[in-house]
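Following: one structure in structure tokens, then a few remarks.
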Amino acid sequence: MKRNLSDESSTRSNSPPSINLTLSADDLLQMSVADRLDYIRRLLRSSAAYVCHVQRIAQARCPVVRFCHKQQKIFCELSINNHLAVANTKLIQYFLTLEPKLRSLLYTIRLWLKQKDLLGRGHRFNTYTLFWMIVTHLQIHNQQLPSVRTLADLAHEKKQHGPWNCSVPNLEQIQSKLTNLSVEQTLHEFFSFYSTFDVQQNELSPWFGEIRSKTSTNATVSLADPFEHDHNLTANISANNWMKFQEECQLAKQILDESSKKRLTKSWGLALILTRKSLPQKNFIHQKPSYHYTHTTHTVDLSLNKMTKDDFEQRIQLIFKDILLFEQVNYELMKKKRPVDIDNDDDNGETELAEQFDETLSAGKRRRMDKDEYTLTPVKDAPDSKEKIYYEIQYRTWQDRRKLKRTVETEHANSSLFEREKFISLKLKEDKEHQLPTPIYLSAEIKILPTINETKAQIRFQLQTQEYHKLFIDLTHFLNLYLPKLILNEETN
0 MKRNLSDESS TRSNSPPSIN LTLSADDLLQ MSVADRLDYI RRLLRSSAAY
50 VCHVQRIAQA RCPVVRFCHK QQKIFCELSI NNHLAVANTK LIQYFLTLEP
100 KLRSLLYTIR LWLKQKDLLG RGHRFNTYTL FWMIVTHLQI HNQQLPSVRT
150 LADLAHEKKQ HGPWNCSVPN LEQIQSKLTN LSVEQTLHEF FSFYSTFDVQ
200 QNELSPWFGE IRSKTSTNAT VSLADPFEHD HNLTANISAN NWMKFQEECQ
250 LAKQILDESS KKRLTKSWGL ALILTRKSLP QKNFIHQKPS YHYTHTTHTV
300 DLSLNKMTKD DFEQRIQLIF KDILLFEQVN YELMKKKRPV DIDNDDDNGE
350 TELAEQFDET LSAGKRRRMD KDEYTLTPVK DAPDSKEKIY YEIQYRTWQD
400 RRKLKRTVET EHANSSLFER EKFISLKLKE DKEHQLPTPI YLSAEIKILP
450 TINETKAQIR FQLQTQEYHK LFIDLTHFLN LYLPKLILNE ETN
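Per numbering that gives the first Met the number 0: the sequence shown ends with 492, consecutive numbering throughout.
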């Protein structure tokens with residue numbers, strides 16, 4: 000919830016003069032969506048007490064007017080004739096009343112996702128999606144909850160919104176089968192189910208309460224809306240976040256498997272799951288270790304126009320090293336930074352999971368580190384290559400550049416674009432907040448792809464460590480937009 004609210008007077012100063020408040024509901028519904036929202040926006044700004052930050056959002060999937068109640072410090076969204084949203088809300092209330100444990104499950108898994116940085120805006124999960132993931136799992140697992148289709152068939156009063164059947168029966172007509180299971184047992188089943196769920200072949204449907212063959216390849220994960228079946232609730236979730244989600248599910252399942260080993264002085268079970276730390280996978284291996292980890296990768300496609308391969312590679316080096324302040328490291332140093340072989344570890348005996356976790360968190364016993372204080376974590380199937388260029392990144396020079404751009408352009412108006420971009424990076428380097436406590440290591444591999452009409456280049460970035468996944472994603476997203484602008488600019492020549 001956002002609480003940093005500006006002064007109400009600043010919002011009201013731009014308010015239009017008083018408007019006609021005598022419009023009937025029929026008059027309002029005859030307006031276009033944009034005019035209707037504009038009328039509500041003006042009405043709120045001129046007449047509603049303690050209301051500020053009023054916005055009209057007409058281009059959203061569901062057009063709304065967003066505003067904040069200053070006294071209560073809560074943000075609200077107001078829509079008109081959004082019958083499906085009302086039906087969805089009633090359906091959620093129905094499930095929460097039918098099975099009270101759902102609320103505890105939702106709060107627990109929501110906190111777990113938040114601790115793992117998988118909950119929020121962008122390509123992460125949200126609470127609404129998470130609720131239907133939990134419900135669908137319980138529908139599939141021994142039919143502990145009824146499918147939405149079953150509820151619609153049992154309802155005496157049928158409700159239809161467009162082509163969608165949104166009927167819900169009375170609570171007395173149906174019972175759940177979840178009451179005998181503890182929250183911890185249900186959590187274990189949730190983590191076990193999603194840690195192995197195949198998103199390439201299958202999709203989830205709360206309406207049918209089952210796993211169905213995937214019909215669309217546009218999204219990484221497919222979870223259909225319970226009423227509006229052609230709407231994918233998980234369309235925004237990226238492949239990297241889904242991979243991280245499944246890894247965390249596997250780790251949480253392993254923790255709960257060993258939760259019977261209770262100890263009086265150290266954390267175990269649910270307390271381990273809800274920590275911000277992610278346990279290294281070696282903590283879960285008691286037999287012969289077998290590791291497989293796919294490094295985070297990203298590809299940027301560029302057009303060479305009339306540039307030669309050598310010119311292109313020189314410009315890339317110029318941007319990375321001189322502008323963004325990446326430090327190139329040699330192949331032999333990179334081999335030292337790469338994870339060690341776990342088979343050579345001195346401690347091959349069977350150790351208790353929770354004790355290894357405490358060693359991970361304790362100040363004196365952290366995971367094995369090299370002389371440069373870089374964490375070494377076992378990894379397999381992530382080959383090195385002398386054809387790649389390896390970089391060490393110590394400064395977040397890709398963030399907050401726009402804030403400094405105008406100042407630098409004023410101070411260095413006669414400088415070239417290349418020089419101005421370099422000045423921005425140097426200012427960011429001086430800022431301690433943009434210094435990384437531990438460097439990021441990544442590789443860049445350039446491939447030239449001749450086509451009929453033009454020559455294209457492909458730069459494949461690969462994160463060389465198991466840390467900093469989010470920063471790597473932010474960096475590659477920045478490079479997608481930044482590289483074409485500088486590569487094709489004559490001033491960098």
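A virtual CB, placed ideally from N, CA and C, is assigned to each residue, including glycine.
Next item on the list: With A456 as the anchor, note down where its beta strand (DSSP E) starts and where it stops.
Entry: On the sequence shown, position 457 is the one that residue 456 refers to. From DSSP, the beta strand (DSSP E) with A456 extends over T454 to L462.
Notebook entry, point to check: In its own chain, which residues sit with a C-beta less than 8 Å from the C-beta of E156, not counting the 5 before and 5 after it?
Noted result: Numbered from its first residue, the sequence shown carries residue 156 at position 157. So the qualifying residues of the chain are S166.
Checklist line | Where P225 falls, given that 16 or more other Cβ within 10 Å makes a residue buried | finding: As a working mapping, residue 225 is identified with position 226 in the sequence shown. When all chains shown are included, P225 counts as buried.
Check: Would you call S204 buried or exposed, if buried means 16 or more other Cβ atoms sit within 10 Å of its Cβ?
Finding: The residue given as residue 204 occupies position 205 in the sequence shown. Buried: at least 16 other Cβ atoms inside 10 Å.
Check: Would A128 pass as a contact of T233 if the rule is Cβ separation under 9 Å?
Finding: On the sequence shown, residue 128 is found 129 positions in, with the first residue counted as 1. On the sequence shown, residue 233 is found 234 positions in, with the first residue counted as 1. Before going on, a small fix: residue 128 reads as Thr here, not Ala. The answer is yes: Cβ separation under 9 Å.
Note to self: According to DSSP, simplified to helix, strand and coil, what is K385?
What the structure shows: Counting from one through the sequence shown, the residue named residue 385 turns up at place 386. For K385, the predicted structure reports a pLDDT of 49, less than 50, and the residue's modelled location is therefore unreliable. A value from the coordinates is still provided. Here K385 sits in coil by DSSP.
Check: Grouping DSSP H, G and I as helix and E and B as strand, with all else coil, what is N87?
Finding: Taking the first residue of the sequence shown as 1, we reach residue 87 at position 88. N87 falls in the helix class under three-state DSSP.
Notebook entry, point to check: Are F460 and T214 touching if we call contact CB-CB under 9 Å?
Noted result: Counting from 1 along the sequence shown, the entry for residue 460 is found at position 461. Counting from 1 along the sequence shown, the entry for residue 214 is found at position 215. No. Outside cutoff.
Margin query: Would the segment 462 to 472 count as touching the segment 300 to 319 if we require 3 or more Cβ pairs under 8 Å?
Written below: no
Item checked: the segment 181 to 195 touching the segment 36 to 51, judged by at least three CB pairs closer than 8 Å -> no
Notebook entry, point to check: Pairing CB atoms from the segment 385 to 404 with CB atoms from the segment 441 to 453, are three or more of them under 8 Å?
Noted result: yes
Notebook entry, point to check: Apart from the five residues on each side of it in sequence, which residues of its chain come closer than 7 Å, Cβ to Cβ, to I472?
Noted result: As a working note, residue 472 is residue 473 in the sequence shown. These residues qualify, in order along the chain: N239.
Check: Taking the C-alpha atoms as reference points, what is the distance between T296 and I439?
Finding: The residue you call residue 296 lines up with position 297 of the sequence shown. The residue you call residue 439 lines up with position 440 of the sequence shown. Cα to Cα, the separation comes out at about 14 Å.
Next item on the list: Between the Cα of F417 and those of Q457, V63, L323 and E429, spot the shortest distance and give me the residue it belongs to.
Entry: Taking the first residue of the sequence shown as 1, we reach residue 417 at position 418. Among Q457, V63, L323 and E429, the Cα nearest to that of F417 is on L323.
Note to self: Which residue wins for smallest C-alpha separation from M74, given the options Q58, P62, Q54 and T88?
What the structure shows: Here residue 74 corresponds to residue number 75 of the sequence shown, with the count starting at 1. Note that residue 74 is Phe in the sequence shown here, rather than Met. With distances taken between Cα atoms, F74 lies closest to Q54.
Checklist line | Helix, strand or coil at T135 according to DSSP, with G and I counted as helix | finding: Here residue 135 corresponds to residue number 136 of the sequence shown, with the count starting at 1. Helix, per DSSP.
Check: Taking three-plus beta-carbon pairs below 8 Å as touching, is the segment 79 to 90 in contact with the segment 247 to 256?
Finding: no
Item checked: Between the CA atoms of R41 and M242 - distance to the nearest angstrom -> By one-based count along the sequence shown, residue 242 stands at place 243. By one-based count along the sequence shown, residue 41 stands at place 42. Approximately 45 Å, taken between the alpha carbons.
Check: How would you label I486, buried or exposed, when you count the other beta carbons within 10 angstroms and need 16 or more for buried?
Finding: Sequence index remark: in the sequence shown, residue 486 carries index 487 (1-based). So I486 counts as buried.
Checklist line | In chain order, each beta strand (DSSP E) run of at least 3 residues that lies wholly inside the segment 191 to 267 | finding: 201 to 204 and 209 to 212
Item checked: C-alpha gap between S221 and N231, whole angstroms -> The sequence position of residue 221 within the sequence shown is 222, counting from 1. The sequence position of residue 231 within the sequence shown is 232, counting from 1. Their backbone Cα atoms lie some 6 Å apart in a straight line.
Margin query: Quick check on T96: buried or exposed, where buried means 16 or more other Cβ atoms within 10 Å of its Cβ?
Written below: The residue you call residue 96 lines up with position 97 of the sequence shown. The residue is exposed, with fewer than 16 neighbouring Cβ atoms inside 10 Å.
Note to self: Only counting the same chain, and skipping five residues up and downstream in sequence, which positions put a Cβ closer than 8 Å to that of H411?
What the structure shows: By one-based count along the sequence shown, residue 411 stands at place 412. Within the same chain, H411 has close Cβ partners E418, R419 and F422.
Item checked: Rounded Cβ spacing between A223 and W206 (contact assumed at less than 8 Å) -> Here residue 223 is taken as the residue at index 224 of the sequence shown, counted from 1. Here residue 206 is taken as the residue at index 207 of the sequence shown, counted from 1. Yes, they are in contact, since the Cβ atoms of A223 and W206 sit about 6 Å apart, within 8 Å.
Next item on the list: Answer yes or no: do I56 and L27 have a C-beta to C-beta separation smaller than 9 Å?
Entry: For the purposes of this step, residue 56 is taken as residue 57 along the sequence shown, with counting starting at 1. For the purposes of this step, residue 27 is taken as residue 28 along the sequence shown, with counting starting at 1. No, they are not a contact pair.
Check: Of the choices I133, S424 and E408, whose alpha-carbon is the least far from that of D321?
Finding: What you label residue 321 is simply residue 322 of the sequence shown in a count that begins at 1. Out of I133, S424 and E408, S424 has the C-alpha closest to the C-alpha of D321.
Check: Run through DSSP, which three-state label would F94 get?
Finding: Reading the sequence shown from its first residue, position 95 is the one you call residue 94. It is helical.
Check: Rounded to a whole number of angstroms, what is the C-alpha to C-alpha distance between L360 and V182?
Finding: On the sequence shown, position 361 is the one that residue 360 refers to. On the sequence shown, position 183 is the one that residue 182 refers to. Because the pLDDT of L360 is 42, which lies under 50, any placement of that residue in the model is unreliable, and the number read from its coordinates should be weighed accordingly. Computed Cα separation, rounded: 26 Å.
Notebook entry, point to check: What's the gap between the Cα of E453 and the Cα of N329?
Noted result: By one-based count along the sequence shown, residue 453 stands at place 454. By one-based count along the sequence shown, residue 329 stands at place 330. Taking the straight line joining both Cα atoms gives about 33 Å.
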